[in-house]
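Encoded as structure tokens, the structure appears first; notes follow it.
Number of protein chains: 2
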Amino acid sequence: MVEGTGLVAAAFEQHWDVEAVFLAAGHQWEAPMAVPTYELGPGVIERVASTDTPQPVMAVVRRKASSLEELRGKSFVLVGDRITDPGNAGTMLRSAEAAGADAVVFTDGSVDVFNPKVVRSSAGALFNVPVVVDVALTDVLALDGYRSWGTSSHQGSAYTTLDWRGPTMLVLGNEAHGLPADAPVDGWVTIAHVGRAESLNVAMAATVLVFEVARQRSAR
Amino acid sequence: MVEGTGLVAAAFEQHWDVEAVFLAAGHQWEAPMAVPTYELGPGVIERVASTDTPQPVMAVVRRKASSLEELRGKSFVLVGDRITDPGNAGTMLRSAEAAGADAVVFTDGSVDVFNPKVVRSSAGALFNVPVVVDVALTDVLALDGYRSWGTSSHQGSAYTTLDWRGPTMLVLGNEAHGLPADAPVDGWVTIAHVGRAESLNVAMAATVLVFEVARQRSAR
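Chains A and B supply the protein sequences, listed in that same order.
Position one of the first sequence corresponds to residue 10 (the numbering used here), numbered consecutively onward.
Position one of the second sequence corresponds to residue 10 (the numbering used here), numbered consecutively onward.
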């Protein structure tokens, strides 16, 4: 279920398969394509929506995920390993899209990226960047052609000292536990920061890192 | 009111004036300094806390804000103009702390930074970085000794092309409206990104920008 006019419009724009649109009682909205559209009775959307103040436009959209195979030959992939917070997953999608990543992967044990909270916090990025889900981290890291970097709050090369222009897989781990110390990545990277440990969460770290990749790639 | 063992501990560590500690019924916790500590009756903390699943340790902490005067002679200040979302304000504090900003300013019309949601989403950064509140944007920008940069989603120099090593004031505007077009900043800066407009929110933009400042300053 996709909730909100902007998000539903984004699903149409990006050619996702919108199966049905539901409108709050009395609300007018015309879908950009012919799809079954239903006006709900008074008070119904409040019961269906995932938020306390529901949006007047909702849609059922068919899930669409990419496969690991489709990542072959790409250049920049963001990987979230067991990311459990919907807001973090959404922000990672949003940053990845904005920074020009080719795809985002969420491994087994991550939050469902089609969960309305993720869709909402992605601000529609879910519809704009290919997403791979339900895969094992080891299978992701076994893909040829990438240099994979595990991120850590306390070990590895400073992200500012690395060359990010080659095919890059950037891997961030679970909110509480980080990545497994034995994750078979090609290298480890960290964000040096002032002040206390743990001062960045996984979504902020992803944002910093993907934009450094973008910065290096845009510089000529 | 500060909620949660980690946040209350951070307030003590950073020498904020903790006036009283409240513990959930049956919970043991010893404050690092002698302060009045009260064990609440069963079910009371659930009524007092701002979250559905309250933390067992809460404290009343005296508010502490810096003045604009204290920003004289500093080198890096992050300014939020009419930032209304607690999560965004908290993330801005957290990023500013991690990137080594000297202070954060929130202008009139911003969310109360001492609101429990801001404290929580700042992950304690509120206690670690000086904060100026309740000031007019024009008074902030009138401070001598800084070059001030207004951020915009659509106009200005690419942030990657600027030299951020001098005394810098980085100004981000309201979530819905951005900065006033006539804000008397010294220059405008934007984050070039791939894909749709509006693909970064204010907190993500702040995170990208403060870490670019930190990156340039750490490079020798």
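Virtual Cβ for every residue (Gly too), placed ideally from N, Cα, C.
For residue 109 of chain A, the C-beta contacts it makes with chain B under 7 Å involve 203, in order along the chain.
Under the 7 Å criterion on CB atoms, residue 217 of chain B is classed as interfacial with respect to chain A. Cβ atoms of residue 213 of chain A and residue 104 of chain B come within 8 Å of each other, at about 6 Å. From the listed residues B:140, B:148, B:193 and B:118, the smallest Cα separation to residue 160 of chain B is found for B:193. The criterion of a C-beta distance shorter than 7 Å is satisfied by residue 97 of chain A and residue 211 of chain A. For residue 28 of chain B, the enclosing beta strand (DSSP E) starts and ends at 27-32. Proximity to residue 83 of chain B across B:182, B:209 and B:177 peaks at B:177, based on C-alpha coordinates. Taken residue by residue, none of the stretch 10-29 of chain A has a beta-carbon sitting less than 7 Å from a beta-carbon on chain B. Sequence-ordered contacts of the stretch 82-106 of chain B with chain A read 96, 100, 103, 104 and 106 [C-beta pairs closer than 9 Å].
For residue 142 of chain B, the uninterrupted beta strand (DSSP E) segment begins and ends at 140-144.
Between residue 220 of chain A and chain B, the shortest Cβ-Cβ separation is below 7 Å.
Identification of residues in the stretch 166-184 of chain A having a C-beta nearer than 7 Å to some C-beta of chain B yields 169, given in sequence order.
Residue range 95-108 is occupied by the alpha helix (DSSP H) that includes residue 100 of chain B, with no beta strand (DSSP E) assigned at that position.
Contact between residue 30 of chain A and residue 40 of chain A is confirmed by a C-beta separation of about 5 Å, below the 8 Å threshold. In the DSSP assignment, residue 113 of chain B is bridged to B:87 and B:140.
If you compare the alpha carbons of A:209, A:167 and A:110 with that of residue 224 of chain B, the shortest gap goes to A:167. Between the C-alpha atoms of residue 76 of chain A and residue 134 of chain A there is a straight-line separation of about 18 Å. With a cutoff of 7 Å on beta-carbon distance, residue 71 of chain B and residue 121 of chain B are scored as not near each other. Here DSSP, grouped into helix, strand and coil, assigns residue 167 of chain B to strand.
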